[in-house]
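Enquirer: Dropping a structure here in structure tokens format, bear with me for questions.
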Amino acid sequence: MTALTTTDLTPPRAVDDGAAGGGPTPGRRRFRLRLPDRLRQGGLPYLLLLPALLFELLIHLVPMVVGVVMSFKELTQFYLRDWTQAPWTALSNYEVAVDFDAPIGAALLDSFAVTCLFTVVAVSLSWLLGTTAAILMQETFRGRGLLRALFLTPYALPIYAAVITWAFILQRDNGMLNHVIHDQLGLTSDPTFWLIGDNSFVSLVLVAVWRNWPFAFLILMAAMQNIPQEQYEAAQLDGAGVWQQIRRITLPSVRPVNQVLVLVLFLWTFNDFNVPYLLFGRAAPESANLISLHIYQSSFGTWNFGFGSAMSVLLLLFLLLVTAGYLLFTSRGRKGEHV
Amino acid sequence: MRRTRIARAAAVTAVLTAITATGCGGGSTSGGSNDNPDELTYWASNQGTSIEHDEEVLRPQLERFTEETGIEVNLEVVPWDSLLDRILTATTSGDGPDVLNIGNTWSASLQATGALLPFDEETFEAIGGSDRFVPSALAATGAEGQDPTAVPLYSLAYGLYYNKQLFAEAGIEEPPATWEELVEVGERLTDGDTYGLAVEGASIPENVHHAFVFGQQHGADFFDAEGNPTFDTPEAVAAIKQYIDFLAADGIVAPGNAEYAQNQSVSDFATGKAAMLLWQAAGTSLENQGMSPEDYGVAPVPFQAEPPAGGQAINSMVAGINIAVFDNTDNRDGALDFVEFMTSDETQRALNAEYGSIPPVATAQESEEFATEELTVLRETLAQSAAPMPQVPEESQFETLVGTAMAQLFADAAGGQEITEDAVRERLTAAQQQMQG
């Protein structure tokens, strides 16, 4: 963004300076002398971007490369202190990870499947709730500001405090949820387990959606406020109902925003570590054993960081692939529509 | 503008240095240096009721050390759930504390990393010799046949805590001495919302500590002489099934215990929801939860009525905390002075009394603070019938994998599934197969 603005602005200014004719101030002249025209016009933006690029490399790329290198090593407790000395293992970490007939690969595959299912459900629900709330919040009514603020609370709360509170609510014997549905309403014959067994998947989706939908709401609400009111008025004159207005005006108008929103929600949800870790601790139930937790357990729990890195690299490849595919697919669709 | 540029340049340099340091994998020289003799960084584990409580307890001792030696100690109390991760990170980066507390079950695993200073004879001399320590505690400081990389700081053992009032109401006069008796009195004590026993079913460390004791009593070692895992032997299956069965078959544990991992079982015991609890030095936590020492009794953890062939008379792991010196400390002498100070009789008495643990230093044990009913039972257990958890480099994997398998078995049992021998074996086999990674 910054790069574009700078490139756009620099040439006209140079022209202005020249057009001013007569005598540019000595100070400016000195400046111009030091920086060759070509560099000033074409290179300056890049020069300004350089520090950011350098930091990006240091903070993101270097650890990633280190991680990739580690994934080709046998990095167990014996080599932890000086991991450069760990023996190279070629592809053996990867072979173990993708050998789905063997127990370790099978566990990884299970965890991957659970994560995919969880992501699809949680992202869909978050998006649906966010969109619905954003549409409803377009109307002006009393208390709208208050409701908006209330809706955003889950997103504003510190994640640790929020998820720990959920863990308390979901406890079987003393939790609020069972107190309401079992003790007070009598809907279940026995108190239900929410944090172990198959129900833990439901709990995980519940907390993740609770946590993420305000983000969808916030982004979509902002996007919808940019839709000109006249479009709706015109549609109403043409006799379009509410549903048609949503389908024909609102949704197409926020499409570019949705494209990014869904991608971001997907990546966050797929990689989510905090929610399952805080909810279930180290011994996550199999039905809620998300891949990030699985990788954490496979590296920090068993001290096999080479293997953990190999799984991380596989995860990275998968996410890159999905992201690239998604962007390709959605952008092509959009271009086609507009042409 | 200029200032930001300088700051940025400084930041880049700092980051580059950090990366170079990481790349080198930290200290390559062994034994540390004495480049920074006036300062020490100490990572303490969370022994008290809170981080603040620990700081309050430790501060006066650290001040005393500073007075004696002139060395400033920067204290950081690290919570248990992040201590091991922090140590592993420090090990990889080489950027760690000078002195640190470790859970004694990690001793052999951390020893294998080479991150901790080995206590050879000479180093032991520097802190007053190894014969000051109780032998069982010293056995949990590293693999056999190698120099230990830590020394014992606080000792703990498991005991059977029982609610005197509930026992009296049920007409039970003696705490159970065998598991068979425990199940029998447990059944008599289980009534409505009150259960015979509370367990911490989703806690990996608690599960695995019990796996170890039941394993010893059944003759299962979990590792063979070569250090290879043997998680799913018939003995191991029988041992773990016996523990899970308290919930699954005997019905003396509330099904809800299957999801306990935040010491809810201690609360259940303190509030009378459960009549018995197997725990290490629970006294301080029970008092904090409003249960006074007169209300409960402490007995040794039960044994098997008819010990199976190969079974050992072990009823507790050697639990406790060790203190270690980070190998690339820049204040080696100061760090050893500090270890000596922390294991001196006076400091030992003060700290262990405050934390409700037992001094692993023999001469400090004789003090009368440690002559309570609770600590006497735990002390005798430690002296006579406690064994250290497997001192092999793969111990941490064992904890994680078997502890998780047991949490899953508890969850299955609580969900109404029958826990057969095959079901236990299947989980244990799967856990063992994860070791080959």
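Same order as they appear, the protein sequences are chains A and B.
Taking this note's numbering, the leading residue of the first sequence gets 895, the next gets one more, and so forth.
Taking this note's numbering, the leading residue of the second sequence gets 37, the next gets one more, and so forth.
For each residue, glycine too, the CB sits at the ideal point set by N, CA and C.
Would residue 1145 of chain A and residue 1167 of chain A qualify as a contact pair, given that the criterion is a beta-carbon distance under 8 Å?
Expert: Going by C-beta atoms, residue 1145 of chain A is not nearer than 8 Å to residue 1167 of chain A.
Enquirer: Touching or not, the segment 380–392 of chain B and the segment 359–372 of chain B, by the rule of three or more beta carbon pairs under 8 Å?
Expert: The segment 380–392 of chain B vs the segment 359–372 of chain B: no contact.
Enquirer: Determine whether the beta carbon atoms of residue 296 of chain B and residue 199 of chain B lie at a separation below 8 Å.
Expert: No, these two residues do not count as a Cβ contact at 8 Å.
Enquirer: Please tell me whether residue 1027 of chain A and residue 1111 of chain A are closer than 8 Å, where the distance is taken between their beta carbons.
Expert: Contact flag set, yes.
Enquirer: Going by CA-CA distance only, name the one from B/270, B/250, B/404 and B/309 that's closest to residue 280 of chain B.
Expert: Checking every option, the nearest Cα to that of residue 280 of chain B belongs to B/250.
Enquirer: If you draw a straight line from the alpha carbon of residue 299 of chain B to that of residue 211 of chain B, how long is it in whole angstroms?
Expert: Cα-Cα distance, rounded: 23 Å.
Enquirer: Count the other C-beta atoms from every protein chain shown that fall within 10 angstroms of the C-beta of residue 918 of chain A, then say buried if there are 16 or more, exposed otherwise.
Expert: Unreliable positioning characterises residue 918 of chain A in this predicted model, as indicated by a pLDDT of 44, which lies under 50. The coordinate reading is nonetheless provided below. It is exposed - the Cβ of residue 918 of chain A has fewer than 16 other Cβ atoms within 10 Å.
Enquirer: With DSSP run on the structure shown, which of helix, strand or coil describes residue 1140 of chain A?
Expert: Residue state, collapsed to three classes: helix.
Enquirer: Relative to the C-alpha of residue 152 of chain B, which candidate in B/463, B/409, B/177 and B/103 has its C-alpha closest?
Expert: The residue with the shortest Cα to Cα distance from residue 152 of chain B is B/177.
Enquirer: Could you tell me if residue 239 of chain B is buried or exposed, where buried requires 16 or more neighbouring beta carbons within 10 angstroms of its beta carbon?
Expert: Residue 239 of chain B should be labelled buried.
Enquirer: Is the Cβ-Cβ distance between residue 425 of chain B and residue 248 of chain B less than 8 Å?
Expert: Result yes, Cβ atoms of residue 425 of chain B and residue 248 of chain B sit closer than 8 Å.
Enquirer: Counting beta carbon pairs with one atom in the segment 218–231 of chain B and one in the segment 417–436 of chain B, are three or more of them shorter than 8 Å?
Expert: The segment 417–436 of chain B vs the segment 218–231 of chain B: no contact.
Enquirer: So, at 7 Å on beta carbons, what are the nonlocal neighbours of residue 252 of chain B in its own chain, with the 5 sequence-adjacent residues on each side left out?
Expert: The answer, listed in chain order, is 348, 350 and 423.
Enquirer: Closest Cβ-Cβ distance between residue 922 of chain A and chain B: below 8 Å?
Expert: Because residue 922 of chain A sits at a pLDDT of 49, beneath the cut-off of 50, its placement in the model cannot be relied upon, and the point is left open.
Enquirer: What does residue 240 of chain B touch in chain A if you count any residue whose Cβ is under 9 Å from its own?
Expert: The answer, in chain order, is 1175, 1176, 1177 and 1195.
Enquirer: Can you name, in chain order, every residue of its own chain whose Cβ lies under 7 Å from the Cβ of residue 243 of chain B, other than the five neighbours on each side?
Expert: Here the set comprises 439, 442 and 443.
Enquirer: Spatial neighbours of residue 209 of chain B within its chain, please: CB distance less than 7 Å, with the 5 preceding and 5 following residues excluded, ordered by chain position.
Expert: Nothing meets the Cβ criterion.
Enquirer: Does the Cβ-Cβ distance between residue 236 of chain B and residue 301 of chain B come in under 8 Å?
Expert: Contact flag set, yes.
Enquirer: Can you tell which of A/1151, A/1194 and A/1098 has its C-alpha closest to the C-alpha of residue 118 of chain B?
Expert: Comparing Cα positions, the closest option is A/1194.
Enquirer: Reducing DSSP to helix, strand and coil, say where residue 170 of chain B ends up.
Expert: Reduced to three states, the DSSP call for residue 170 of chain B is coil.
Enquirer: Have a look at residue 946 of chain A and residue 398 of chain B and give me their C-alpha separation to the nearest angstrom.
Expert: C-alpha separation (whole angstroms): 60 Å.
Enquirer: Could you check the C-alpha separation between residue 403 of chain B and residue 182 of chain B for me, to the nearest Å?
Expert: Rounded to whole angstroms, residue 403 of chain B to residue 182 of chain B spans 32 Å at the Cα level.
Enquirer: So with CB distances below 9 Å, who are the chain B contacts of residue 1060 of chain A?
Expert: Within 9 Å Cβ-Cβ: nothing; residue 1060 of chain A doesn't reach chain B, min ~14 Å.
Enquirer: Which partner residues does residue 114 of chain B have in the DSSP bridge list?
Expert: Per DSSP, B/81.
Enquirer: So, using beta-carbon positions, are residue 191 of chain B and residue 418 of chain B closer together than 8 Å?
Expert: Against a cut-off of 8 Å, the Cβ pair of residue 418 of chain B and residue 191 of chain B comes out as a contact.
Enquirer: Over the uninterrupted alpha helix (DSSP H) stretch that includes residue 270 of chain B, give me the two end residues.
Expert: From DSSP, the alpha helix (DSSP H) with residue 270 of chain B extends over 270–284.
Enquirer: Please go through the same chain and pick out, in chain order, the residues whose beta-carbon is closer than 7 Å to the beta-carbon of residue 1174 of chain A, but skip the five residues on each side of it.
Expert: Around residue 1174 of chain A: 1089, 1094 and 1182.
Enquirer: Compute the beta-carbon to beta-carbon distance between residue 371 of chain B and residue 197 of chain B, rounded to the nearest angstrom, for a pair I have assumed lies under 8 Å.
Expert: Actually they are not in contact, since the Cβ atoms of residue 371 of chain B and residue 197 of chain B sit about 37 Å apart, beyond 8 Å.
Enquirer: Could you tell me which residues DSSP pairs with residue 1304 of chain A in its beta bridges?
Expert: Residue 1304 of chain A lies beyond the stretch modelled for chain A, which goes from 895 to 1233, so this question has no answer here.
Enquirer: What are the boundary residues of the alpha helix (DSSP H) that residue 1050 of chain A is part of?
Expert: It spans 1038–1050 - the alpha helix (DSSP H) in which residue 1050 of chain A sits, taken as one unbroken run.
Enquirer: Of all Cβ atoms in chain A, is any one closer than 8 Å to the Cβ of residue 393 of chain B?
Expert: So no, residue 393 of chain B is outside the interface.
Enquirer: Would you say residue 261 of chain B and residue 972 of chain A are within 8 Å of each other, going by their C-beta atoms?
Expert: Going by C-beta atoms, residue 261 of chain B is not nearer than 8 Å to residue 972 of chain A.
Enquirer: Thinking just about the alpha-carbon of each residue, which of B/306, B/335 and B/356 is nearest to the one in residue 142 of chain B?
Expert: When only C-alpha atoms are compared, the closest one is B/356.
Enquirer: Using only CA atoms, which one of B/367, B/388, B/84 and B/150 lies nearest to residue 110 of chain B?
Expert: Residue B/367 is the option with its Cα nearest to residue 110 of chain B.
Enquirer: So what's residue 138 of chain B in DSSP terms, helix, strand or just coil?
Expert: Of the three classes helix, strand and coil, the one that applies to residue 138 of chain B here is strand, per DSSP.
Enquirer: Would you say residue 1033 of chain A reaches chain B, if we count a Cβ-Cβ gap shorter than 8 Å as a contact?
Expert: Not closer than 8 Å to any Cβ of chain B, the Cβ of residue 1033 of chain A fails to qualify, so no.
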